[in-house]
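Visitor: Residue numbers (the working numbering), protein chains in the order written: chain A, 16 to 528; chain B, 16 to 528.
No residue lacks a Cβ here, since even glycine has one placed at the ideal position from N, Cα and C.
Spelled out as structure tokens, the structure:
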């Protein structure tokens, strides 16, 4: 058995069953090992940012890590932006990064780079093997590190000769600690604050799903506490039958206004709210004056259990009222706009769908429409690095083959990782992508106005214009094997969406808004 | 004047006239400054890898740096692979990397990352400003650092508040040292070796152009020395009327065989040859036994002047015979293949064209066909990180608006930075892209065979197959506003190429090979 086979066997034994791959020459023996070892699904991605974003989406839905297989420093670098997002989403990922053979590294070959230096800024755990016999144990440690609560990025750098040289055998799966329990004192402080009133719970991660969310609902029902979630939470269970949670607004002023009057902001799996960007003369911290943040559960702690403990201590046994199922009214016939688009999505979202949202300006203001749509998981751009909507959807579809995935996707951001559409077609993934074709970096046009530079020679405005030439998303999708249609009227969009939802397999709708 | 305006004015004063930009919110004031300051052309790229690759192509042809404008750590990271290539090409680039406002950095906002740590591995020079008044001087130093011979990557990290806060004014251009002269001793050693015979000159950079190449030719004519260039030289002046230079083969065995019998390998602007990858039981160093490498000029030294000094010392005044102009014979009618494709390119390459080559397996073996084509500049994938063919062509076309740019582009690699086509359409750049559609990562299929894993369950082979679904390059190009056609016969390809060469503006030909 060579090092490569020992790696793949160890990953499979450790519960890693999917590898999103974009390999090169230095990874050839790892690729060859996929033929020998059963139990690992290899999903080819035509760009590394697709592979890392798919691993993020997979982990958000599967709750366990996928592997990526990446080629040397530059190949890893192409995946950094979506690893940044995954890191902020706090999901587990195991990156296998090939490097030149140890004997080859001292020469300045064209692809020689400082792989470890590129890997470190987005990895919680990095190990670089120097011989084949250490690969299996390192791989087991990588999976263990990735699975440590709340989920971490582990990167294993494997020189080519650690793949092709003889190794002993695979390593067994290593134990993973459960998330740390929250202290009784933290629970007691939260209970006291809730009894005092004027509280809000700011929720993220497990607190936005299942038992955690139900417990938060009981607390809200018993005490009148508001339930709020981070602006970009990695995953929320929403829709009919679920406890409704308000989303913190994106811009500082409305965020502060929303929290005004709250005396204690109880944090569950998140930090006190921070503005997305700093602006002249605006605060970075969004906790309003007179409001005190209070940590119930840090991200590495068991936020769901903490909420249940608080609810029990309060005697809050009555479940919260949940969102009703309400089909949004059909918008009037006419030009499609982001508002009518979301209403139509709400009309046709299938039960138990997964929504991957990177709609930026287009979707944000109409987010609440889906509060009463069919129950679904809603995945947001957790790290702000654009280009995760399509890859996250791709990975989520691999993790959940029986659920429909719907992507709400801004056009500018879609261009960063459009290669994901090819993988969707290749793997026959059940993904419907709705491209908000506003043909601009609309959010930046807004920002430019905010900084007071909307006038001028037009050179600045031109940097946010995507209309010359127009991006033709039907051709782009078809070019990668995905059936697509363009619509600009409400009726046509509803027909296209109904048809795409009824079918299986990848579809794209270019919605001109 | 704010920091942003002082930056742009300083860049323009320092000779930086083009900025390949993909900005975000934190760069908004820099964008706004473009409206105020004349003299800077802003070219929008829809992905950062396009911006950095275009800056590389611009610098290779213009001989001076362009700026890039990139958004925070993840945006910079998207540009790393092509900065890696630019670094190996040893060209000057000035990266302007926005960061969160200094007041905002201590909070863990979604886009917070260790920008400097991401920037360092591919930058020769890094500076991070902390206040607006230091921006102008730092920008002048950045340009100076980038222009230091032979060309370096300078990255200036600018927190948003250094852009919006008041600054004094622009900084003047700083002096740039000429490349270091080669010592008389180095010249004398090379002369002695050449007089002894059985020498080869291994050339790169300035030694492959103009006076440097002419001097190398005179040396070869006088001494019988062979002229060889690096496998992937950043830029070569080739074709009819130029001194012919042999290209070092890609694989170790033929490279060593080519140099066998050479007693002294004189290095001009490059290092002793190294294999692209390490392989089991194959050497990394390609200098054959019995051959001694001898440095005439290090990369930072003036290789062209050194060659002229050597030629003068040898009394080598007679110019070398140059390549004749020879129109390749028209290939027989029938299915197109890489060989017939290159012959047809040789028939239609216009005078003074720029060829951006990322054809990988498709073009490599037919490279010599263009030795006798019309004179042209030939640009190669200097750093091996795939995805530079289209961006480099884009930047070269911006640098040389009066020259036709022809891209020889493998299909797999093209997918990494296909967004470059949009910028070509937007800027009406005169680029003809020929996609070698072999619908596979062909080089990796070869590599897999070499490591002995071509058989097996087929999972491995499937990772190199791009035929399910087929990438439709006509639709992909048209989706970004570039006129395109698909051909699979020699006659149709010749018609398509002749028509594309005769027209102005971007065209793409999907050549099924």
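1) Using alpha carbons as the reference points, say which of B:155, B:506, B:120, B:183 lies closest to residue 346 of chain B.
2) At a cut of 8 Å, does the segment 72-81 of chain A reach the segment 407-415 of chain A through at least three beta carbon pairs?
3) Output needed in chain order: residues of the segment 496-526 of chain B with a Cβ under 9 Å from some Cβ in chain A.
4) Buried or exposed: residue 340 of chain B, going by 16 or more other Cβ atoms within 10 Å of its Cβ?
5) Got a sec: is the Cβ-Cβ distance from residue 93 of chain B to anything in chain A below 8 Å?
6) Tell me which residues of the segment 249-270 of chain B have at least one Cβ-Cβ distance to chain A shorter than 7 Å, keeping chain order.
7) Quick one: Cα of residue 466 of chain A to Cα of residue 430 of chain A, how far?
8) With DSSP run on the structure shown, which of helix, strand or coil describes residue 279 of chain A?
9) Give the secondary structure of residue 174 of chain A by DSSP, where H, G and I count as helix, E and B as strand, and everything else as coil.
10) In chain A, which residues lie with their C-beta within 9 Å of the C-beta of residue 108 of chain B?
11) Please list the partners that residue 41 of chain A has in chain B, where partner means a Cβ-to-Cβ separation under 9 Å.
12) Mapping the DSSP letters down to three states, classify residue 292 of chain A as helix, strand or coil.
13) Rounded C-beta distance between residue 88 of chain A and residue 147 of chain A? I'm assuming under 8 Å.
14) Going by the DSSP bridge assignment, what does residue 344 of chain A pair with across the sheet?
15) With a CB to CB cut of under 6 Å and the five nearest residues on each side skipped, what residues in its chain are close to residue 39 of chain A?
16) Spell out whether any CB of chain B is found under 8 Å from the CB atom of residue 424 of chain A.
17) With three or more beta-carbon pairs closer than 8 Å as the criterion, would you say the segment 163-181 of chain B touches the segment 90-109 of chain B?
18) Counting Cβ pairs, one atom from each stretch, are 3 or more of them under 8 Å apart for the segment 353-370 of chain B and the segment 41-59 of chain B?
19) Under a three-way DSSP split, which group does residue 302 of chain A fall into?
20) Hey, how far is the Cα of residue 29 of chain A from the Cα of residue 188 of chain A?
21) Name the DSSP beta bridge partners of residue 100 of chain B, please?
22) Just to confirm, does residue 498 of chain B get its C-beta within under 7 Å of one of the non-hydrogen atoms of the ligand SAH?
23) Cα separation between residue 24 of chain B and residue 185 of chain B?
24) With a 10 Å radius around its C-beta and 16 neighbouring C-beta atoms as the bar for buried, classify residue 275 of chain A as buried or exposed.
25) Anything in the segment 111-141 of chain A with a Cβ closer than 7 Å to a Cβ of chain B? List those residues in chain order, please.
26) Can the beta-carbon of residue 48 of chain B be found less than 8 Å from the beta-carbon of residue 22 of chain B?
27) Can you name the start and end residues of the alpha helix (DSSP H) that residue 274 of chain A belongs to?
28) Decide if residue 400 of chain A is buried, meaning its Cβ has at least 16 other Cβ atoms within 10 Å, or exposed.
29) So what's residue 428 of chain A in DSSP terms, helix, strand or just coil?
30) Work out the CA separation of residue 78 of chain A and residue 118 of chain B for me, nearest whole Å.
31) Counting only C-beta atoms, is residue 88 of chain A closer than 8 Å to chain B at any point?
32) Under a Cβ-count criterion, where at least 16 other Cβ atoms within 10 Å of its own Cβ denotes burial, should residue 138 of chain B be classed as buried or exposed?
33) Starting from residue 62 of chain B, follow the beta strand (DSSP E) in both directions and report where the run begins and ends.
34) Against residue 441 of chain B, what residues of chain A qualify as contacts under a CB-to-CB distance less than 8 Å, listed in chain order?
35) Identify the continuous beta strand (DSSP E) that holds residue 165 of chain A and give its terminal residues.
36) Can you give me the Cβ contacts of residue 271 of chain A inside the same chain, cut-off strictly under 7 Å, excluding the 5 residues immediately before and after it?
Guide: The short version:
1) In this structure, B:506 is the residue among B:155, B:506, B:120, B:183 with its C-alpha nearest to the C-alpha of residue 346 of chain B.
2) Yes: the two stretches touch, three or more of their Cβ pairs being nearer than 8 Å.
3) For the segment 496-526 of chain B, the set of residues with a beta-carbon nearer than 9 Å to any beta-carbon of chain A comprises 496, 497, in chain order.
4) Under this definition residue 340 of chain B is an exposed residue.
5) With a threshold of 8 Å between beta carbons, residue 93 of chain B makes contact with chain A.
6) Per Cβ criterion, the list is empty.
7) Using only the alpha carbons, I get a separation of about 26 Å.
8) The answer is strand: DSSP assigns residue 279 of chain A an E or B state.
9) Strand at residue 174 of chain A.
10) Under the 9 Å cutoff, chain A gives no residues; its nearest Cβ is about 16 Å from residue 108 of chain B.
11) Within 9 Å of the CB of residue 41 of chain A, the CB atoms of chain B belong to 292, 293, in sequence order along the chain.
12) Here residue 292 of chain A sits in coil by DSSP.
13) Contact doesn't hold; Cβ gap of about 21 Å is too wide.
14) None; residue 344 of chain A has no bridge partner.
15) The beta carbon of residue 39 of chain A is closer than 6 Å to those of 86 in its chain, skipping five residues each way along the sequence.
16) No, residue 424 of chain A does not count as interfacial toward chain B.
17) Contact between the segment 163-181 of chain B and the segment 90-109 of chain B is present, because at least three Cβ pairs lie under 8 Å.
18) The segment 353-370 of chain B and the segment 41-59 of chain B do not touch, with fewer than 3 CB-CB distances between them shorter than 8 Å.
19) Three-state DSSP puts residue 302 of chain A in coil, outside helix and strand.
20) The alpha-carbon of residue 29 of chain A is positioned some 4 Å away from that of residue 188 of chain A.
21) DSSP output for residue 100 of chain B lists no bridge partner at all.
22) Absence of the ligand SAH is noted for the structure shown, with no ligands found whatsoever.
23) Their backbone Cα atoms lie some 6 Å apart in a straight line.
24) With a threshold of 16 other beta carbon atoms within 10 Å, residue 275 of chain A falls short and is exposed.
25) Taking 7 Å as the Cβ-Cβ cut-off, the segment 111-141 of chain A approaches chain B at 115, 116, 118, 119, 122, 123, 124, 125, 126, 128, 129, 132, 133, 135, 136, given in chain order.
26) Their beta carbons are under 8 Å apart, which means residue 48 of chain B touches residue 22 of chain B by this criterion.
27) Per DSSP, the continuous alpha helix (DSSP H) segment holding residue 274 of chain A begins and ends at 267-274.
28) Within 10 angstroms of the beta-carbon of residue 400 of chain A lie 16 or more other beta-carbons, which makes it buried.
29) DSSP places residue 428 of chain A in helix when its eight states are reduced to three.
30) Each residue's alpha carbon lies about 36 Å from the other.
31) Chain B contact via Cβ: present.
32) Residue environment analysis places residue 138 of chain B among the buried positions, since at least 16 neighbouring C-beta atoms fall within 10 angstroms of its C-beta.
33) Note, residue 62 of chain B: premise wrong, no beta strand (DSSP E); not H, not E.
34) Simply 483, 484.
35) DSSP places residue 165 of chain A outside any beta strand (DSSP E), giving it a letter other than H or E.
36) So the list reads 301, 303, once near-sequence residues are dropped.
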